[in-house]
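Since the structure comes first, as structure tokens, the remarks are kept for the end.
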Amino acid sequence: MRPDTTLARKQEIILCQTAAVAHAFSHQHRLKIISLLTQSSKSVEELAKGIGQSVASTSAHLKVLRSAGAVTAHKTGRFVYYQIGSKQISSFLAAIRRLAEELLPEVREIMRDYFDDPESLSPLTERELLAEIRSGRV
Numbered sequence: 164m165r166p167d168t169t170l171a172r173k174q175e176i177i178l179c180q181t182a183a184v185a186h187a188f189s190h191q192h193r194l195k196i197i198s199l200l201t202q203s204s205k206s207v208e209e210l211a212k213g214i215g216q217s218v219a220s221t222s223a224h225l226k227v228l229r230s231a232g233a234v235t236a237h238k239t240g241r242f243v244y245y246q247i248g249s250k251q252i253s254s255f256l257a258a259i260r261r262l263a264e265e266l267l268p269e270v271r272e273i274m275r276d277y278f279d280d281p282e283s284l285s286p287l288t289e290r291e292l293l294a295e296i297r298s299g300r301v
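Mind the numbering: the sequence shown is residues 164 to 301 in the working numbering, read in order.
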């Protein structure tokens with residue numbers, strides 16, 4: 164086999180595997196799962212509640228994320244808990260958001276409204292904040 168063919172094959176493998184990782188981040192529910200897991204590890208049930216999907220649907224998304232190495236799992240008792248697979252994922256998620264803001268005017272407008280207009284943010288009472296923390300949204 165010629166060296167240039169071997170190099171081309173290695174490049175093809177790298178691109179294919181990179182595409183598999185990119186695919187893992189190509190669905191809004193998987194991005195939400197990753198966002199939740201950057202806060203703390205969570206069970207499938209907690210993640211399902213957090214993304215507003217069934218446990219079966221959430222499990223399918225986790226399977227895609229796990230096959231790409233984006234999440235890992237450990238079992239505690241009868242529950243399986245997931246966590247992000249790399250510290251780089253938080254940076255990657257932030258980079259995707261910045262890119263979407265740069266490329267898409269509607270995202271840019273929403274981000275500007277969300278971060279630049281403090282009047283649009285409503286304060287939470289202590290009770291509401293505790294409820295948000297318990298639900299895993301904070």
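Virtual Cβ for every residue (Gly too), placed ideally from N, Cα, C.
Since the structure is predicted, the reported quantities are computational estimates derived from the model, not experimental observations.
- request: Can you grab the Cα-Cα spacing for the pair residue 242 / residue 169, in whole Å?
  value: Here the C-alpha atom of residue 242 lies approximately 45 Å from the C-alpha atom of residue 169.
Enclosing beta strand (DSSP E) for residue 239 [first to last residue]: Its beta strand (DSSP E) spans residues 234-239.
- request: Using beta-carbon positions only, say whether residue 247 and residue 233 come within less than 8 Å of one another.
  value: Inclusion of residue 247 and residue 233 in the CB contact set at 8 Å is warranted, their separation being smaller than that value.
field: C-alpha distance - residue 255 paired with residue 216, whole-angstrom precision
entry: When rounded, the distance between both Cα atoms is 24 Å.
- request: Classify residue 203 as helix, strand or coil using the three-state DSSP reduction.
  value: DSSP, read as helix, strand or coil, puts residue 203 in coil.
Which residues DSSP lists as bridging residue 243, in chain order: Residue 243 pairs with 238.
message: For residue 171 and residue 184, what's the separation of their Cα atoms in angstroms?
response: Looking at the two C-alpha atoms, the distance is approximately 20 Å.
- request: Return the first residue and the last residue of the alpha helix (DSSP H) that residue 255 is part of.
  value: For residue 255, the enclosing alpha helix (DSSP H) begins and ends at 251-266.
query: Tell me which same chain residues have a C-beta within less than 8 Å of the C-beta of residue 238, skipping the five on either side of it?
result: Excluding residues up to 5 positions away in sequence, 244 lie with their Cβ nearer than 8 Å to the Cβ of residue 238 in the same chain.
- prompt: What distance in whole Å lies between the Cβ atoms of residue 224 and residue 190, which are believed to be in contact at a cut-off of 8 Å?
  reply: 7 Å between Cβ atoms; contact.
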